[in-house]
Amino acid sequence: MAYFILKRLIQSVFVMLAVAFLAFSLFRFVGDPITQMTGVETSVADQERLREELGLNDPFITQFVRFTGDMLQGDFGFSYRTRQPVAEMIADRIPATLELGIVALLISLIVGVPAGVYTALRPRGVVSQTILMTTLIGVSVPTFVIGIMLIFLFGVQLGWLPTFGRGGTVQIGGWESSFFTVDGWRALILPAITLGVYQLTLTMRLVRAEMMEVMRSDYIRFATARGVPMRRLYFKHALANTMIPVITIIGLQFGGVIAFSIVTESVFQWPGMGLLFLESIRFVDIPVMGVYLVVIAFFFVLVNLIVDMLYVAIDPRLRVKDAA
Amino acid sequence: MLTIKDLSVKFPSRFGDVTAIEDVDLKIRPGEIHGLVGESGAGKSTVGAAVIGLISTPGYIAKGEITLGDTDLRALTPEQAHAVRGDRISMIFQDPQTSLNPLMTVEDQLIETIQTHSAVSYAEAQNRAVDLLEEIGIKNAAERIKSYPHQFSGGMRQRVVIALALCTDPELIIADEPTTALDVAVQQQVLDLLRDLADRRNIAFLLITHDIGVIAQIADRVTVMRNGKTLESGETAQVLGHPQHPYTVALMDAVPPLDHKIPRFRLPVEDDIAVQSKTKGADAKAWLLAGEQTAPTGLSVNNLTMRFRGTRTSLWQKPDSFTALDDVSFTVRPGTIMGLVGESGSGKSTLARVLTGLLHPSAGEMTLGDANLPPAKQRSRHHPSRRLMQMVFQDPYSSLNARHKIGAILAEPLWLYGLVNDAKQRRALAMAMLDLVGMPADSIDKYPHQFSGGQRQRIAVARAILARPKFLICDEPTSALDVSIQAQVLNLLKDLQATFGLTILFITHNMSVARQMADDMIVLRNGKIEETGPSEALFSKPAAPYTRTLLKLTPKMPPEWRTA
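Protein sequences appear in the order of chains D and H.
Position 211, counted from 1, in the first sequence is what numbering that gives the first Met the number 0 calls 210; the numbers after and before it change by one each time, with no gaps.
Position 49, counted from 1, in the second sequence is what numbering that gives the first Met the number 0 calls 48; the numbers after and before it change by one each time, with no gaps.
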């Protein structure tokens, strides 16, 4: 077990190094940092002096090592646009995106898993068919359309929910949270649903497919033949065996939800990382874009590490073999 | 106690209902093991499924009665039927690898089942579970019960399955091919256990199997089924010793004897599926014989060792390695059949894979004919042995590409090895070859799924032969087939071997089949050769204790039951 996790950690380090390299290349080679930083009136001599001071004339490797070293110490450089440290900007935005992503994930699980089980057990029922069809619409319509429709219905027509921003937030040790005010929750609902719809559909269809497969397996037939109560059969025997492939996809998707919440954030003017990223692109704010890349990659790596550990927790066959 | 009367089960389909079983009558008394025997598609399993109420959808019981004691099983509501399952009727499945929930400990599964059917405390259920495992023959049960299914070996796992079926004290247990997936030694233990449970606990068993040897050994009464109908029923000695129905006679005949060698496998006369045309594939035969006119090729193997590296579980310990083949040396004489027998895990298939260059051996040398046979990593794709050595696999369902037509499958060796460069000629040859292996000519434009297992195995043999090989490796070519089909395929192999002077390595776990096929024999155990020598001598006077054990454990029929 320890070895398994260690192996994964070492692999993760290599992934992060590769991403850091990409981010660095972006920073170094997309446009000239000096012309980005200085105005037209700066003399060529001053530009050269700045270049030397910032170490941009050093060999490539030296620069990359310095870049990675700075990153590790939490020094992410400064934004071209706001002149603020990038670390601060990202740290301000992370809570918003994470909270949105987590709520979206929870919605997709709480609705998706039971719906998947139900549609697997009653594949021909009217309710199942309706659910399947509705969710098919859910995946085929682009996220922004769903967002706009929700805003139109609940925000504009009915006026029940706010249509932009995070509502009331509470500061908890540098973490700006909207979990602790009614207002915050109200603001969270629409964007979370918008973001979660796709994952919900995916989870449901996956659970359904896997569940139908598992229900045909010998051990389920054997358990039925032993008279194990149906409820237990479905939710203990079958569902656990369904979860292994489902967790893989959910994990990968969650990384995606965090990374690509850009559209939802921009529709709802949600002050998260996605919105920051969009603004950075508009102003060719390379340092912010580079760091964004690294942070997102870090989330992916982290989520996958958790998924790997969940496997081991669920499936005894993956644990270290005892002497049989 | 269990009475089945006029039972019919139908499966609706687009073309009307398909009758799976028709007018089946069956009676089982307490403590009786009732064998239900027949070939695949006979409807044996459907009978079992109907009794326990688990006919796969959309099948349904069209008519008939099933009564257990005084209970009419057909009159029960779904809830009542589910309560009977496990409580009064239980079931044992074929494959212990797949019939236990892999994510739950054996203890959880046992206690869950016990508590479902009787109102006992957790601790009491636990005690009962441990006692039961002890009784079933699992040593150190109090500790082993905490294990997950994958931590048990195949035979032990089947014991756990039996314990699960037993833990609620049912009156009737339906055992659907309970020993088919097991080795002979384990099979023997499981059969003894079933017999013992029937005698001691007075449990009735419905033993569903295709293996007449198993029936002969432990069943009190037997019912023979074919195409959904019961043909014959009665005391085992009566039915198998003096079969009345011609099908039963044929079925008995098709079982290869263990105690002597017969020149050809006997076929059930009424339906040899082989199509015999007038030409009998003369073109293909001529083409194959026109190949190299060299003498048959032998194979020798010296000190072959194959070690697999285990999975690494710790940074500091070296992973354990597993020796699949340990210093194996033997020679296959040119133009003969070498039988290779052993239990699962003995290294039989590993040997085949090393010979064909799919696995790189850790040490040792191989020689094919006069030429050195390089190990996998040094054997190029164009090495002549790639063509000279061909293989027939165990499972004809997965060894033929489902998306290729038979014509394309058979033409492949012809163009791959550059034997025939003209597409028309290849097709003509493939057609002739189909004829030679007893398949109708229109097979050429069909897909593999349109054929039965036996027919597919004929196609697989045809494909191997079309490469004009000198050496053929058959890895359990008939273990997935019914006895009558097995007899046909093996006769075909024998004929082809004689006609084309092939040298064959014939891998099997079935001692009777080995005796009929092989000129020489190797007995393999844990990667080591236990015994080798001329087949007849080995079977009549086995030298190694292990060979004797294997022969003793193979279920056989009393010699007086044989007609020939």
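Note that the Cβ used here is the ideal one computed from N, Cα and C, for glycine as well.
Contacts with chain H (Cβ-Cβ distance below 8 Å) from the stretch 302–315 of chain D involve Ile313, Asp314, Pro315, listed in chain order.
The count of Cβ pairs closer than 8 Å, one atom from the stretch 174–191 of chain D and one from the stretch 255–267 of chain D, reaches three, so the stretches are in contact. In terms of Cβ geometry, alanine 375(H) and aspartate 474(H) do not form a close pair [threshold 8 Å]. For the pair threonine 104(H) and tyrosine 59(H), the Cα-to-Cα distance works out to about 35 Å. Three or more Cβ pairs closer than 8 Å define a contact, and the stretch 197–215 of chain D meets that threshold against the stretch 107–122 of chain D. It is roughly 10 Å from the alpha-carbon of proline 58(D) to the alpha-carbon of valine 64(D). Per the C-alpha coordinates, the member of Val213(H), Gly368(H), Ser478(H), His244(H) positioned closest to alanine 294(H) is Gly368(H).
The continuous beta strand (DSSP E) containing tyrosine 59(H) extends over residues 59–67.
Taking threonine 37(D) as the centre and dropping the five residues before and after it, the same chain places the C-beta of Asp45, Gln46, Leu49 closer than 8 Å to its C-beta, in chain order. Around the beta-carbon of aspartate 5(H), fewer than 16 other beta-carbon atoms lie within 10 Å, marking it exposed. Listed along the chain, the chain D residues whose CB falls inside 8 Å of the CB of tyrosine 147(H) are Pro315, Arg316. For methionine 432(H), the number of other beta carbons within 10 angstroms of its own is at least 16, and it is reported as buried.
Bounds of any alpha helix (DSSP H) do not take in alanine 289(H), whose DSSP letter is neither H nor E.
If you look at isoleucine 113(H), you'll find it in the alpha helix (DSSP H) that goes 105–116.
The C-beta distance from valine 223(H) to histidine 244(H) rounds to 7 Å, short enough to meet the 8 Å contact threshold. Checking the DSSP bridge columns, you'll see histidine 33(H) partnered with Leu205(H), Arg220(H). Proximity to leucine 358(H) across Leu339(H), Gly63(H), His149(H), Arg378(H) peaks at Arg378(H), based on C-alpha coordinates. By the Cβ rule, the stretch 491–501 of chain H does not count as touching the stretch 313–327 of chain H, because fewer than three pairs are nearer than 8 Å. At the C-beta level, alanine 224(D) and arginine 87(H) stay beyond 8 Å of one another. Isoleucine 3(H) has Leu25(H), Ile65(H) as its beta-bridge partners, per DSSP. Taking 8 Å as the threshold, the shortest C-beta distance from proline 101(H) to chain D falls below it.
The shortest C-alpha to C-alpha distance from aspartate 74(D) to any of Val287(D), Asn303(D), Val311(D), Val302(D) is the one to Val287(D). Between the stretch 521–533 of chain H and the stretch 328–345 of chain H there are three or more inter-stretch CB-CB distances shorter than 8 Å, so the stretches are counted as touching. Linking serine 483(H) to valine 254(H) through their CA atoms gives a straight-line distance of about 8 Å. Apart from sequence neighbours up to five positions away, the residues of its chain that approach serine 384(H) with a beta-carbon distance below 6 Å are Leu367, Leu372, ordered along the chain. Relative to alanine 124(H), the option among Gln108(H), Phe321(H), Ile503(H) whose CA is nearest is Gln108(H).
Here glycine 195(D) is buried, its C-beta having at least 16 other C-beta atoms within 10 Å.
The way I'd put it, the stretch 223–234 of chain H does touch the stretch 18–26 of chain H; three or more beta-carbon pairs between them come closer than 8 Å. Between valine 213(H) and leucine 190(H), the beta carbon gap of about 7 Å places them in contact (Cβ cut-off 8 Å). As the crow flies, the alpha-carbon of serine 12(H) is around 12 Å from that of alanine 19(H).
At a C-beta separation below 8 Å, glutamate 176(H) has no neighbours in chain D, since its nearest C-beta there lies roughly 12 Å away. By the neighbour-count criterion, in which a residue is buried when 16 or more other Cβ atoms sit within 10 angstroms of its Cβ, leucine 71(D) is exposed.
Between phenylalanine 10(H) and proline 77(H), the CB-CB gap reaches or exceeds 8 Å.
For alanine 61(H), same chain residues with a beta-carbon under 6 Å away, outside a window of 5 residues either side, are Ser7, Lys9 in chain order.
In the DSSP assignment, asparagine 303(D) falls outside any beta strand (DSSP E) and lies within the alpha helix (DSSP H) extending over 285–313.
The C-beta of proline 558(H) has fewer than 16 other C-beta atoms within 10 Å across all chains shown, which makes the residue exposed.
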